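Asker: Structure incoming, see below.
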Amino acid sequence: EVLTAENLHRAYGVKTRVKKDLLTGRPYISFLPPGKTATNNLARNGQEFKVHLIGGGGSTAGLIWELSSLGCRLSAGVLHRLDRD
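Quick note, the working numbering runs 8 ahead of the 1-based positions in the sequence shown.
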(Lines of atoms letter the chains of each structure in order from A and count residues from 1; the text may use other names and numbers.)
(Lines give C-alpha, C1' and ligand atoms only; values in the text may rest on other atoms or scores of the structure.)
Protein backbone atom coordinates (compact mmCIF):
# COMPACT_ATOMS: atom_id res chain seq x y z
CA GLU A 1 0.00 0.00 0.00
CA VAL A 2 1.19 3.48 -0.86
CA LEU A 3 -1.22 5.46 1.33
CA THR A 4 0.02 4.57 4.79
CA ALA A 5 0.51 6.76 7.85
CA GLU A 6 4.22 6.00 7.75
CA ASN A 7 4.60 6.95 4.06
CA LEU A 8 2.62 10.18 4.50
CA HIS A 9 4.74 11.13 7.51
CA ARG A 10 7.96 10.36 5.66
CA ALA A 11 6.92 12.30 2.55
CA TYR A 12 5.07 15.28 4.09
CA GLY A 13 5.93 15.30 7.80
CA VAL A 14 2.27 14.97 8.84
CA LYS A 15 0.73 12.64 11.41
CA THR A 16 -2.27 10.77 10.07
CA ARG A 17 -4.49 7.78 10.61
CA VAL A 18 -5.28 5.83 7.44
CA LYS A 19 -8.28 3.50 7.52
CA LYS A 20 -10.41 1.65 5.00
CA ASP A 21 -13.92 3.02 4.42
CA LEU A 22 -16.43 0.33 5.36
CA LEU A 23 -18.76 1.11 2.46
CA THR A 24 -16.37 1.72 -0.42
CA GLY A 25 -13.31 -0.22 0.71
CA ARG A 26 -11.17 2.78 -0.21
CA PRO A 27 -8.72 4.40 2.19
CA TYR A 28 -9.61 7.56 4.06
CA ILE A 29 -7.13 9.77 5.86
CA SER A 30 -7.59 11.63 9.15
CA PHE A 31 -4.99 14.26 9.96
CA LEU A 32 -3.97 14.32 13.63
CA PRO A 33 -3.30 17.57 15.49
CA PRO A 34 0.32 18.30 16.49
CA GLY A 35 1.30 16.35 19.59
CA LYS A 36 -1.34 13.67 19.05
CA THR A 37 -0.81 10.08 17.98
CA ALA A 38 -3.22 7.55 16.59
CA THR A 39 -3.12 5.63 19.86
CA ASN A 40 -3.70 8.50 22.31
CA ASN A 41 -5.95 7.50 25.18
CA LEU A 42 -8.90 9.81 25.76
CA ALA A 43 -8.73 9.41 29.56
CA ARG A 44 -8.56 12.72 31.41
CA ASN A 45 -7.26 13.13 34.96
CA GLY A 46 -7.22 9.37 35.46
CA GLN A 47 -10.91 9.01 34.57
CA GLU A 48 -12.28 6.83 31.81
CA PHE A 49 -13.90 8.45 28.81
CA LYS A 50 -17.33 6.79 28.50
CA VAL A 51 -19.39 6.84 25.31
CA HIS A 52 -22.87 5.41 24.71
CA LEU A 53 -23.68 4.76 21.05
CA ILE A 54 -27.04 4.48 19.34
CA GLY A 55 -26.93 3.82 15.63
CA GLY A 56 -27.22 1.42 12.76
CA GLY A 57 -24.83 -1.47 12.54
CA GLY A 58 -23.28 -0.36 9.27
CA SER A 59 -22.30 3.16 10.22
CA THR A 60 -21.66 2.47 13.89
CA ALA A 61 -19.28 -0.47 13.40
CA GLY A 62 -16.35 1.70 12.33
CA LEU A 63 -17.03 4.22 15.07
CA ILE A 64 -17.05 1.49 17.71
CA TRP A 65 -13.63 0.29 16.54
CA GLU A 66 -12.18 3.82 16.43
CA LEU A 67 -13.41 4.79 19.90
CA SER A 68 -12.30 1.48 21.37
CA SER A 69 -8.81 1.89 19.91
CA LEU A 70 -8.62 5.31 21.59
CA GLY A 71 -9.28 3.76 24.99
CA CYS A 72 -12.94 4.72 25.43
CA ARG A 73 -15.25 2.64 27.57
CA LEU A 74 -18.23 1.88 25.33
CA SER A 75 -21.83 0.90 25.73
CA ALA A 76 -24.38 0.62 22.95
CA GLY A 77 -28.11 0.33 22.36
CA VAL A 78 -30.64 0.30 20.82
CA LEU A 79 -29.14 -1.92 18.09
CA HIS A 80 -31.01 -3.99 15.54
CA ARG A 81 -29.18 -7.14 14.48
CA LEU A 82 -30.37 -6.91 10.85
CA ASP A 83 -29.75 -3.17 10.38
CA ARG A 84 -27.03 -2.58 7.80
CA ASP A 85 -27.64 1.12 7.09
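No residue lacks a Cβ here, since even glycine has one placed at the ideal position from N, Cα and C. Please read these numbers as outputs of a predicted model, since none were measured by experiment.
List the endpoints of the continuous beta strand (DSSP E) containing Leu61.
Answerer: 58-61
Asker: So, for His60: in the same chain, excluding its five sequence neighbours on each side, which residues have a beta-carbon less than 8 Å away from its beta-carbon?
Answerer: Leu82, Ser83, Ala84, Gly85
Asker: Is the separation between the beta-carbon of Phe3 and that of Gly79 shorter than 8 Å?
Answerer: Since the displayed the chain opens at 9 and closes at 93, residue 3 lies outside it and no answer follows.
Asker: Name the DSSP beta bridge partners of Thr24, please?
Answerer: Phe39
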